[in-house]
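Visitor: Note that the working numbering has the sequence shown beginning at 19, numbered continuously upward.
Glycine included, every Cβ here is placed at the ideal spot set by N, Cα and C.
Dropping the structure in here first, questions after.
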Amino acid sequence: MRQTIIAGNWKMYKTVAESVDFVRQLLPRLEPFSNVERVVCPTFVALAPVADVLRGSAVKVGAQNVAFNKEGAYTSQIAPGMLQGLVEYVIIGHSEARKYLGETDEDINKKAKIALEYGLKPIIAVGESLETYEAGQTAAFVGGQVRAALNGISAEQMASIVIAYEPIWAIGTGKNASADLANQIISGAVRGTVRDLYGDAVAGALRIQYGGSVKPDNMADYMSQPDIDGALVGGASLKLDDFTKLVEAAAQVK
Ligand code: PGA
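Rendered as structure tokens:
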């Protein structure tokens, strides 16, 4: 059985004070849904105070990125060791980091490996552009991203990894991929690729999220799909009611 995991990716939203206030209100609302793993990913500056509020609670903390070096003269970067004790998860390879920070498949692979080395659990995001989707190249492209991200990662380490399939054309656009389509890509290009690389047991245990315009009204559709094990949520995770409804829907369906 794969435990459902819902992670809120707050992107560059909420000040430190707003983040702390939000999680204080969110925590009692999410507490009842213990069959779902619940994660919030605030900005770096809010991680420590949010982690203080949530330590030992039902809601876990994730970072939105990590550097691929241990330390050094890398202005603006946050090393994996700096996240230890603050977060359990780290989002790696989000399409916005690929696009705006120029992160390559190779960078993402290095980040995943160093995160694992430091005991952080990577949520590795993959997904195709509208152009790739329209060209009918989604499966090949996403499969290639999965292979590249996992290069050199052992079967044992795969137990700590979550993959998020997020078609770029569905992120923040309100144009979500249909639940059927998302399940098809997730079961084929993502889980199928992991099966080719690691075999049935690892592929069967891997948790794979869908992301891209997930909202309370479409959440149940995604969660009813056999290969979708949760969601990576942007916009809707910024609102208390929406976040609560997402987790509630997941808890009911799964
Ligand atoms: P969205 O973002 O839910 O606002 O589409 C998803 C994401 O970028 O992870």
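So Y183 is in the beta strand (DSSP E); what residue range does that whole segment cover?
Guide: It spans V180 to Y183 - the beta strand (DSSP E) in which Y183 sits, taken as one unbroken run.
Visitor: Just grab the DSSP bridge partners of K131 for me.
Guide: In the DSSP output, where bridge partners are listed per residue, K131 has none listed.
Visitor: In terms of DSSP beta bridges, what is V251 paired with?
Guide: Answer is G26.
Visitor: Measuring straight from C-alpha to C-alpha, what distance separates L119 and I109?
Guide: Straight-line Cα distance between these residues: approximately 14 angstroms.
Visitor: For V68, which residues in the same chain have their Cβ closer than 8 angstroms to its Cβ, ignoring the five residues on either side in sequence?
Guide: Around V68: S37, V38, V41, V58, P60 and V79.
Visitor: Rounded C-beta distance between A166 and N127? I'm assuming under 8 angstroms.
Guide: About 6 angstroms; that satisfies the 8 angstroms criterion.
Visitor: I believe K233 touches D260 by the beta-carbon criterion, under 8 angstroms. Please report the beta-carbon distance rounded to the nearest angstrom.
Guide: Confirmed, about 7 angstroms.
Visitor: P50 lies in the beta strand (DSSP E); which residues open and close that run?
Guide: Counting along the chain, P50 falls outside any beta strand (DSSP E), and DSSP gives it neither H nor E.
Visitor: Among residues of its own chain, excluding the 5 on either side of L101, which ones have a beta-carbon nearer than 7 angstroms to its beta-carbon?
Guide: Once the five neighbours on either side are set aside, the close Cβ partners of L101 are A81, V84, V108 and L138.
Visitor: I141 and A25 look like a contact to me (Cβ under 8 angstroms); what is the Cβ gap, rounded to whole Å?
Guide: At roughly 6 angstroms, the Cβ-Cβ gap stays under 8 angstroms, so I141 and A25 are in contact.
Visitor: Can you list, in chain order, the stretches of the alpha helix (DSSP H) that have 4 or more residues and sit fully within the region 172 to 219?
Guide: Entirely contained in the region 172 to 219, the alpha helix (DSSP H) runs reaching 4 residues are, in chain order, 197 to 203 and 211 to 216.
Visitor: Check whether the Cβ of N27 lies closer than 8 angstroms to any heavy atom of the ligand PGA, and answer yes or no.
Guide: Checking the Cβ of N27 against the ligand PGA gives yes.
Visitor: Select from Y228, K272, E89 and V220 the residue whose C-alpha is nearest the C-alpha of S178.
Guide: Closest option to S178, Cα to Cα, is V220.
Visitor: Which residue or residues does DSSP assign as beta-bridge partners of I141?
Guide: Paired residue(s): I109 and V180.
Visitor: Would G190 and S147 qualify as a contact pair, given that the criterion is a beta-carbon distance under 9 angstroms?
Guide: In this structure, S147 does not lie closer than 9 angstroms to G190 by Cβ.
Visitor: What is the rounded straight-line gap between the Cα of F62 and the Cα of A115?
Guide: If you take the alpha carbons of F62 and A115, they lie about 14 angstroms apart.
Visitor: By Cβ distance, which residues of its chain are closer than 7 angstroms to P48, with the 5 residues on each side in sequence left out?
Guide: Here residue 48 is Leu; the residue named in the question, Pro, does not match the sequence. Correct list, in chain order: R56, A76, V77, T262 and V265.
Visitor: If you draw a straight line from the alpha carbon of V54 to that of E135, how long is it in whole angstroms?
Guide: Cα to Cα, V54 sits roughly 26 angstroms from E135.
Visitor: Using C-beta distances below 6 angstroms, list every residue in its chain close to A143, excluding the 5 sequence neighbours before and after it, in chain order.
Guide: G111, H112, A182 and E184, listed in sequence order.
Visitor: How many Å lie between A197 and F159 at the Cα?
Guide: Roughly 19 angstroms between the two C-alpha positions.
Visitor: Taking Cβ positions, are G248 and Q227 nearer each other than 9 angstroms?
Guide: Yes.
Visitor: Using a C-beta cutoff of 9 angstroms, does A35 count as contacting chain B?
Guide: Absent here is chain B; the protein component of the structure consists of one chain.
Visitor: Just verifying my parser: in three-state terms, what is the DSSP assignment at A268?
Guide: It is helical.
Visitor: Please return the same chain residues whose Cβ sits closer than 7 angstroms to the Cβ of I23, not counting the five positions on each side in sequence.
Guide: Here the set comprises E55, V57, V180, R225, Q227, D247 and G248.
Visitor: Starting from the Cα of E152, find the closest Cα among S172, T122, W187 and G170 and give me that residue.
Guide: Considering only alpha carbons, the answer is W187.
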